[in-house]
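Following: one structure in structure tokens, then a few remarks.
Protein chains: 2
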Amino acid sequence: MDKLKPETNLNRRRLLVAGAGGVAAGLSGWSPAGFAQAAGSKPLPPFAAFKDASRVIVHSSKTVETRRDAFGTSGITDTDILFARNNLETPNASVTANPDAWVVEIDGVANPRKFTVGDLKGMGLASVSMVLQCSGNGRGFFAHKTSGSQWKVGAAGNTLWSGVPVKALVEELGGVRGGMSYMTSSGGETIPAGLDPKKVMVERSVPWTAMEEAILAWELNGRPLPLAHGGPLRMIIPGYYGVNNVKYVKRVAFTVEETHAHIQTAGYRVRDIGVKGAPDQPSMWEMNLKSFITHPADDSKPVRAGMVQVHGVAFSGGSPVNAVEVSIDGGKTWHAARFIGPNLGRYAWRDFVLPVRLAPGSYTITSRAIADDGEVQPELRVENHRGYGHNGWRDHAVKVKVA
Amino acid sequence: MDKLKPETNLNRRRLLVAGAGGVAAGLSGWSPAGFAQAAGSKPLPPFAAFKDASRVIVHSSKTVETRRDAFGTSGITDTDILFARNNLETPNASVTANPDAWVVEIDGVANPRKFTVGDLKGMGLASVSMVLQCSGNGRGFFAHKTSGSQWKVGAAGNTLWSGVPVKALVEELGGVRGGMSYMTSSGGETIPAGLDPKKVMVERSVPWTAMEEAILAWELNGRPLPLAHGGPLRMIIPGYYGVNNVKYVKRVAFTVEETHAHIQTAGYRVRDIGVKGAPDQPSMWEMNLKSFITHPADDSKPVRAGMVQVHGVAFSGGSPVNAVEVSIDGGKTWHAARFIGPNLGRYAWRDFVLPVRLAPGSYTITSRAIADDGEVQPELRVENHRGYGHNGWRDHAVKVKVA
Numbered sequence: 002m003d004k005l006k007p008e009t010n011l012n013r014r015r016l017l018v019a020g021a022g023g024v025a026a027g028l029s030g031w032s033p034a035g036f037a038q039a040a041g042s043k044p045l046p047p048f049a050a051f052k053d054a055s056r057v058i059v060h061s062s063k064t065v066e067t068r069r070d071a072f073g074t075s076g077i078t079d080t081d082i083l084f085a086r087n088n089l090e091t092p093n094a095s096v097t098a099n100p101d102a103w104v105v106e107i108d109g110v111a112n113p114r115k116f117t118v119g120d121l122k123g124m125g126l127a128s129v130s131m132v133l134q135c136s137g138n139g140r141g142f143f144a145h146k147t148s149g150s151q152w153k154v155g156a157a158g159n160t161l162w163s164g165v166p167v168k169a170l171v172e173e174l175g176g177v178r179g180g181m182s183y184m185t186s187s188g189g190e191t192i193p194a195g196l197d198p199k200k201v202m203v204e205r206s207v208p209w210t211a212m213e214e215a216i217l218a219w220e221l222n223g224r225p226l227p228l229a230h231g232g233p234l235r236m237i238i239p240g241y242y243g244v245n246n247v248k249y250v251k252r253v254a255f256t257v258e259e260t261h262a263h264i265q266t267a268g269y270r271v272r273d274i275g276v277k278g279a280p281d282q283p284s285m286w287e288m289n290l291k292s293f294i295t296h297p298a299d300d301s302k303p304v305r306a307g308m309v310q311v312h313g314v315a316f317s318g319g320s321p322v323n324a325v326e327v328s329i330d331g332g333k334t335w336h337a338a339r340f341i342g343p344n345l346g347r348y349a350w351r352d353f354v355l356p357v358r359l360a361p362g363s364y365t366i367t368s369r370a371i372a373d374d375g376e377v378q379p380e381l382r383v384e385n386h387r388g389y390g391h392n393g394w395r396d397h398a399v400k401v402k403v404a
Numbered sequence: 002m003d004k005l006k007p008e009t010n011l012n013r014r015r016l017l018v019a020g021a022g023g024v025a026a027g028l029s030g031w032s033p034a035g036f037a038q039a040a041g042s043k044p045l046p047p048f049a050a051f052k053d054a055s056r057v058i059v060h061s062s063k064t065v066e067t068r069r070d071a072f073g074t075s076g077i078t079d080t081d082i083l084f085a086r087n088n089l090e091t092p093n094a095s096v097t098a099n100p101d102a103w104v105v106e107i108d109g110v111a112n113p114r115k116f117t118v119g120d121l122k123g124m125g126l127a128s129v130s131m132v133l134q135c136s137g138n139g140r141g142f143f144a145h146k147t148s149g150s151q152w153k154v155g156a157a158g159n160t161l162w163s164g165v166p167v168k169a170l171v172e173e174l175g176g177v178r179g180g181m182s183y184m185t186s187s188g189g190e191t192i193p194a195g196l197d198p199k200k201v202m203v204e205r206s207v208p209w210t211a212m213e214e215a216i217l218a219w220e221l222n223g224r225p226l227p228l229a230h231g232g233p234l235r236m237i238i239p240g241y242y243g244v245n246n247v248k249y250v251k252r253v254a255f256t257v258e259e260t261h262a263h264i265q266t267a268g269y270r271v272r273d274i275g276v277k278g279a280p281d282q283p284s285m286w287e288m289n290l291k292s293f294i295t296h297p298a299d300d301s302k303p304v305r306a307g308m309v310q311v312h313g314v315a316f317s318g319g320s321p322v323n324a325v326e327v328s329i330d331g332g333k334t335w336h337a338a339r340f341i342g343p344n345l346g347r348y349a350w351r352d353f354v355l356p357v358r359l360a361p362g363s364y365t366i367t368s369r370a371i372a373d374d375g376e377v378q379p380e381l382r383v384e385n386h387r388g389y390g391h392n393g394w395r396d397h398a399v400k401v402k403v404a
């Protein structure tokens, strides 16, 4: 919303966006002709044309990142600035015109069957707040050459979802069949002609117990789930990296094995630099402990000397965040930050603030989260081929000039 | 967001909107030429041009209501569907182009002074979720002829706000002067030439103790506060009716007396039908205990027989909501509903759900909230001249056909 941005500002932002996204754009066949031609000719890819161009970074035709200085301090990431990342072309927009007609199949239960979204809406209702984060968020901080979008902090957002608990469906269908170890969700994207489905399809398996908190969601942030974020129906697994939250979900099966789709067997596997992905490597499932500063942001104008409310967000897919510390000297000394706003639950992020008086000069400001189980967010990234799961506080620091 | 609505749907909604808003529009001088000419020519007034026309009801050039079936179940009301109601013309949009330059004066403290929003951002930070509700929400259910927008349920929404605690400013300025009983906030709208400022200015006084939880907010739902909702700066008093949350706030003064502005002395006063407003009548301050059903909605298509997840929202400006009961037989029998989603705090609303199996037929579905102190949402409205503060569950019922 708030489309009444001054033209001058839009133009300035546009240059910044083009500067940041140019290379990736060229690689992915992204062409200016594909841009949404909304007011101000915002350089957004068509599937994300509704985003606020002044507050996102466009990496490619399939990837849009939230700017660090756009997150605000109110707990929730507005859908208009939420990052978007599609593995395949989105289905035709007609599928969200009549969302209740979308069909999903439930299998690996005593009595498998298909439901429409209209059916699901009668079967149960739950709402959850959770961080949605791409596995590669922070990839842009890695020093080796990583393929994939060079996300900094903004391939993450805190979101609200409503839908039917998967558990309610399972109970209705007589329970999960014996011997099943995984919950496997399949995306409803059309596979481009001539490609091997197994190579490109979006199908992800997670430990079957994740169903306890999973929902099949039709609503994002209080609105019908838009196509860009997986509408009409998306698998939502609180605490799990984005890819597991399968969009346009057309099938949920409890299975003995993980899917043999490439995205599961070789994709989203953490391995050493130069090593190929393989099923015996750790899969990007539960998110690790992480925090980052959202103000001051290194890409904004110099900060005025005096009192500054340093703020950021902290979250975890495992043991919940218990405290956050902030450093203004690059990690030499740390100060306890204070949480603000409502606690939206263990899978949501929490805004924190540290008021500090800053004299003119340069500062390296960062944060580290501490979990209930005593774990502390680490200083350094874990080097890995694809640049997954970066939660090191050193790379996430902002370098700020105070004048 | 999600601007990719099919044209046919837009056209259908447009007819509904025109039917509902026609009379009020004529009275307020609302002209088609003033419409935003966005995709689909949505019939929204210019100040609220960014709203989702398919999910709101346009009453006049200054009033837009959320449709009952648009609220969803995720706790927060998206800004694109949030009701809007302006008392005067909004200030020029240029004021939100550089929000940090907006000036607010703090008076009635030991050391009065002016601050820019840029100053305020260094002085403190808080975030709160609260229901924003117009005093006249529910006016459309009154039987006598009430002047003002004929709101049904949708002049309310649950929102997230970030800003500086008023208390932090007061402490910085040496505390409130002795003898002060009110906190008086003045809006920064331009008074139309030829009008007596006291007659039209937006200036509201509340008990001074309300400052304990009040914030001066620059952010709504995680985004910079838009002009339509009071940007660059709005007084936010959790638990108080909308009018007290003064937009474009340019002065906050602790005062001995209530302001003599008409909006305070005669406006927003609860009195018997036919009686003029006067300062000795109750002022619309703290919100009363209320709930309403959001699904099924009486303005949507017939409900399919079988299991239905009946849901709605419950809130209070006083003793917090503790429980909600739902009736499907017009109030003869009641069933305990279940809360869903995170608890966003005592001034937020809470989504509730009751699963019921409905056979074909007609139903009158309603809800009643119960507060911590034992108060139960009443059955009947309190008749009053201007139709303020309606929280009677009978009028708020939806009549639903199940087929």
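Quick mapping for you: the protein sequence lines, in order, are chains A and B. Quick note on our numbering: the first sequence kicks off at 2 and runs consecutively. Quick note on our numbering: the second sequence kicks off at 2 and runs consecutively. Virtual Cβ for every residue (Gly too), placed ideally from N, Cα, C.
| Beta-carbon gap between B/N245 and B/R205 smaller than 9 Å | Yes, they are a contact pair.
| What's the C-alpha gap between A/I341 and B/A54? | Near 34 Å, if we compare the C-alpha coordinates of B/A54 and A/I341.
| task | Just mark B/G393 as buried or exposed, buried being the case when its beta carbon has 16 or more other beta carbons within 10 Å. | result | B/G393 sits buried, since 16 or more C-beta atoms from the chains shown fall within 10 Å of its C-beta.
| task | Give the DSSP bridge partners of B/K402, in chain order. | result | As a beta-bridge residue in DSSP terms, B/K402 pairs with B/S363.
| query | Quick one: is B/M1 near chain A, going by C-beta distance under 9 Å? | reply | There is no way to answer for residue 1 of chain B, as the model of chain B reaches only from 2 to 404.
| said: Taking only three categories from DSSP, how would you classify B/S61? | reply: In this structure, DSSP gives B/S61 an extended state, which the three-state scheme calls strand.
| request: Look up A/W103 in the DSSP assignment and give the residues it is bridged to. | output: According to DSSP, A/W103 bridges with nothing at all.
| message | Counting only C-beta atoms, is A/D352 closer than 9 Å to chain B at any point? | response | A/D352 counts as touching chain B.
| request: Determine which residues of the segment 64-77 of chain A have a Cβ less than 9 Å from any Cβ of chain B, and write them out in chain order. | output: Cβ contacts with chain B come from A71, F72, G73, T74, S75, G76, I77.
| field | Three-state secondary structure (DSSP) of A/H230 | value | Reduced to three states, the DSSP call for A/H230 is helix.
| Considering only residues of the same chain and omitting the five flanking positions on each side of B/G260, which have a CB-CB separation below 6 Å? | Sequence inspection shows Thr at residue 260 of chain B; the Gly mentioned does not correspond to that position. Result list for B/T260: T185, E204, S206, in chain order.
| message | Rounded to whole angstroms, what is the Cα-Cα separation between B/R224 and A/V118? | response | Taking C-alpha positions only, B/R224 is separated from A/V118 by approximately 31 Å.
| task | Report the option in A/A229, A/R235, A/V276 whose CA atom is closest to the CA atom of A/N385. | result | For the residues A/A229, A/R235, A/V276, the minimum Cα distance to A/N385 belongs to A/V276.
| task | Report yes if the CB atom of A/V177 is closer than 9 Å to the CB atom of A/M212, and no otherwise. | result | A contact, by the Cβ cut-off of 9 Å.
| field | Rounded separation between A/S128 and A/P208 - CA only | value | Their backbone Cα atoms lie some 22 Å apart in a straight line.
| Members of the segment 120-136 of chain A near chain B, C-beta cut-off 8 Å | For the segment 120-136 of chain A, the set of positions with a beta-carbon nearer than 8 Å to some beta-carbon of chain B reads K122, G123, M124, G125, L126, A127, S128, V129, S130 in chain order.
| Under 9 Å, do A/G76 and A/R351 count as touching if we go by C-beta distance? | Contact flag set, yes.
| In the DSSP assignment, what residue or residues form a beta bridge with B/S187? | Under DSSP, B/S187 shares a beta bridge with B/E204, B/R252.
| request: Starting from the Cα of A/H230, find the closest Cα among A/G73, A/D79, A/V383 and give me that residue. | output: If we check each option's Cα against that of A/H230, A/D79 comes out closest.
| said: Looking at the strands, I want to know which residues DSSP matches up with B/M131. | reply: The bridge partners DSSP lists for B/M131 are B/T160.
| query | Thinking C-alpha only, which one of B/S292, B/A360, B/T256 is nearest B/I107? | reply | Measuring C-alpha to C-alpha distances from B/I107 to each of B/S292, B/A360, B/T256 identifies B/T256 as the nearest.
| query | For A/L234 and chain B, any beta-carbon pair shorter than 9 Å? | reply | Under the Cβ criterion of 9 Å, A/L234 is not counted among the residues facing chain B.
| request: Pick out the complete beta strand (DSSP E) segments inside the segment 244-288 of chain B, 3 residues or longer, and give them in chain order. | output: As far as the segment 244-288 of chain B is concerned, its whole beta strand (DSSP E) runs of at least 3 residues are 250-256.
| message | Under 8 Å: do the segment 133-149 of chain B and the segment 92-103 of chain B share three or more Cβ pairs, one atom per stretch? | response | No, they do not touch.
| From A/A306, A/I371, A/G73, pick the residue whose C-alpha is nearest to that of A/V327; which is it? | Of A/A306, A/I371, A/G73, the residue nearest in Cα terms is A/I371.
| query | Between which two residues does the alpha helix (DSSP H) carrying B/K122 extend? | reply | Counting along the chain, the alpha helix (DSSP H) containing B/K122 begins and ends at 118-124.
| query | So B/S320 packs on B/M288, CB below 8 Å; how close in whole Å? | reply | Taking a contact as a CB-CB distance under 8 Å, the pair B/S320 and B/M288 does not count as one, their CB atoms being some 11 Å apart.
| query | In chain B, what lies closer than 7 Å to A/D79 by C-beta? | reply | In chain order: N222, G223, R224.
| query | According to DSSP, which residues form a beta bridge with B/H312? | reply | DSSP lists B/H296, B/V354 as partners of B/H312.
| message | Against B/Q310, what residues of chain A qualify as contacts under a CB-to-CB distance less than 9 Å, listed in chain order? | response | By Cβ distance, chain A contributes K122, G123, M124, G125, L126, V165.
| Is the segment 294-308 of chain B close to the segment 65-75 of chain B, with three or more CB pairs under 8 Å? | Three or more Cβ pairs drawn from the segment 294-308 of chain B and the segment 65-75 of chain B lie within less than 8 Å of each other, which places the two stretches in contact.
| Start-to-end residues for the alpha helix (DSSP H) that takes in A/E173 | Note, A/E173: alpha helix (DSSP H), 167-173.
| task | Answer with yes or no whether the minimum CB distance from B/A349 to chain A is below 9 Å. | result | So yes, B/A349 belongs to the interface.
| request: May I have the straight-line CA-CA distance separating B/A398 from B/A102, to the nearest angstrom? | output: Taking the straight line from one Cα to the other gives about 46 Å.
| task | Mind checking who A/T67 pairs with in its DSSP beta bridge? | result | Answer is A/V57.
| request: Kindly indicate which three-state DSSP category B/S75 falls into: helix, strand or coil? | output: In this structure, B/S75 counts as coil in the three-state DSSP scheme.
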